[in-house]
Structure formats: C-alpha cells, structure tokens
Amino acid sequence: MTTQFHDHHLSADALDQIFREARSYNGWLDKEVSDEQLHAIWELMKMGPTSANMQPSRIVWVKSPEAKAKLVDCVSDGNKEKVKAAPVTAIIAYDIDFHEELPWLFPHTDAKSWFEGDEEGRKEGAFRNSSLQGAYLMIAARALGLDCGPMSGFDKGALEKAFLADEPRHRANFICSIGYGDKTTIFDRSPRPEFDTFNDIV
C-alpha cells in the first residue's frame with residue numbers, strides 16, 4: 001500500500017527519534033540537563049492543545065540532591081534507583097482550580113463559568129488534560145534530544161505532602177525522569193499491535 005503524506009511531514013530520522021526508536025529508560029548517563037533545556041521543553045509542550053486552553057498541568061522539576069532524596073522516599077522500591085540516577089524527574093501534577101486562570105488563558109468567552117460549581121468535572125478535565133500535557137512533555141523532550149522514563153509507581157499522598165503541600169488544590173498525575181538514557185539498562189522492546197488489532201474505521 002502506498003501511503004501519501006503531507007509535503008511537510010517530519011523526516012524518518014525525526015520520527016525515529018520521537019517515536020520508533022525512543023524508549024522508556026531505566027538508567028541514566030552521568031550527564032547534566034540544564035535549566036535552559038527544561039525551559040525549552042516547556043516552551044514546546046505548552047503549545048499542545050488542551051480543552052479551552054485550560055493548561056491544568058503544574059510541573060515540579062526535581063533536580064537538586066535534596067529534592068531527589070525527598071522524591072526517592074515517595075517512589076516504589078523498583079523506581080528508587082531510577083530517580084536517584086536521573087538528572088531530573090518531572091512531577092506532572094494538575095490544578096483542580098485551573099478554571100481560575102481561564103479569563104486570560106481563554107479570553108474569547110466566559111469559560112470560567114463553565115467549570116464553577118463542578119469540582120468533580122474539573123478533576124476529570126484536569127486529569128485528562130494534564131495527562132495530555134505529560135505526553136507533550138515527553139514528545140518535546142525527545143524532540144530536543146533527551147530521553148524519558150515515565151513512572152506511576154509512587155505513593156501519591158506522600159509525594160503530594162512532600163512537594164505540593166503549599167498548593168493543596170494540586171494533585172499528582174505521574175512522574176517522568178528526563179536525561180540521557182543508558183542503553184544498557186533497557187530490554188528488548190515489548191510487542192506493539194498492528195492497526196487492525198485495536199482499531200476500527202467506521
């Protein structure tokens with residue numbers, strides 16, 4: 001089958017870097033990730049779409065030895081060494097009260113009123129859209145030449161107490177280490193399904 005693409009599609013090398021050859025890393029090279037690189041990730045990921053441009057993600061970039069030690073205490077045993085070795089681990093959290101920012105984030109209409117009085121709806125929307133933003137974060141990091149190691153193995157209550165206590169309306173979604181992956185720490189890629197396995201075009 002011949003596949004037709006738009007004239008401006010990314011090169012095969014770029015698609016390999018972001019998707020086909022990218023891996024979730026378990027170990028990291030001893031190579032620094034700069035604050036400038038973290039800013040660059042944000043500048044790309046913030047451009048990804050969210051509902052009504054709600055931008056609910058609130059990210060804590062865990063980089064200092066003191067912050068890493070706190071995070072290590074919050075993650076499962078299998079993730080402790082990963083966090084210790086990673087130059088940076090991002091805590092992707094979300095703000096339940098994201099709607100308070102909508103007057104400037106989505107000024108076209110009174111979007112704030114859509115969410116007032118519906119905390120459960122805000123929680124659902126914030127979780128869904130911060131998950132999208134976490135995926136954008138990983139794509140941005142890979143596009144900038146970095147590697148990622150997303151994780152969900154952590155004590156949510158302990159993590160929120162350690163890192164989000166000053167923002168009681170923020171909730172943790174997942175964490176993702178960022179750096180330069182050590183290729184000796186990954187195993188063979190797990191199977192990926194063909195299109196017809198989990199897809200229907202109707």
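Residue 1 is where the sequence shown starts when you use the numbering used here, and the numbers rise one by one after that.
Ideal placement from N, C-alpha and C gives every residue a C-beta, glycine not left out.
> Do you know whose CA, among Pro191, Ala22 and Leu159, lies nearest Val60's CA?
Replying inline: Here residue 60 is taken as the residue at index 60 of the sequence shown, counted from 1. Of Pro191, Ala22 and Leu159, the residue nearest in Cα terms is Leu159.
> What is the DSSP secondary structure of Asn199, reduced to helix, strand or coil?
Replying inline: If you number the sequence shown from 1, residue 199 lands on position 199. Secondary structure of Asn199 (DSSP, three-state): coil.
> When you compare only the Cα positions, how much space is there between Glu43 and Asp155?
Replying inline: Here the question's residue 43 lines up with position 43 in the sequence shown. Here the question's residue 155 lines up with position 155 in the sequence shown. Each residue's alpha carbon lies about 29 Å from the other.
> Is Gly121 helix, strand or coil by DSSP?
Replying inline: In the sequence shown, counting from the first residue as 1, residue 121 sits at position 121. Gly121 falls in the helix class under three-state DSSP.
>> Within 10 Å of its beta-carbon, does Ile201 have 16 or more other beta-carbons around it, so buried, or fewer, so exposed?
In response: To locate residue 201, count along the sequence shown from 1; it is residue 201. Classification of Ile201: exposed, given that the 10 Å Cβ count is below 16.
>> Give me the residue from Ala90, Asp16 and Asp188 with the minimum Cα distance to Arg151.
In response: Mapped onto the sequence shown, residue 151 falls at position 151. The amino acid occupying residue 151 in the given sequence is Met; Arg does not appear at that position. Measuring from the Cα of Met151, the nearest candidate turns out to be Ala90.
>> Once DSSP output is grouped into helix, strand and coil, what is the label at Val33?
In response: Residue numbering aside, residue 33 sits at position 33 when the sequence shown is read from its first letter. In the structure shown, Val33 sits in coil (DSSP, three-state: anything other than H, G, I, E or B).
> Ala67 to Asn199, Cα distance in whole Å?
Replying inline: The sequence position of residue 67 within the sequence shown is 67, counting from 1. The sequence position of residue 199 within the sequence shown is 199, counting from 1. Rounded to the nearest angstrom, the two C-alpha atoms are 42 Å apart.
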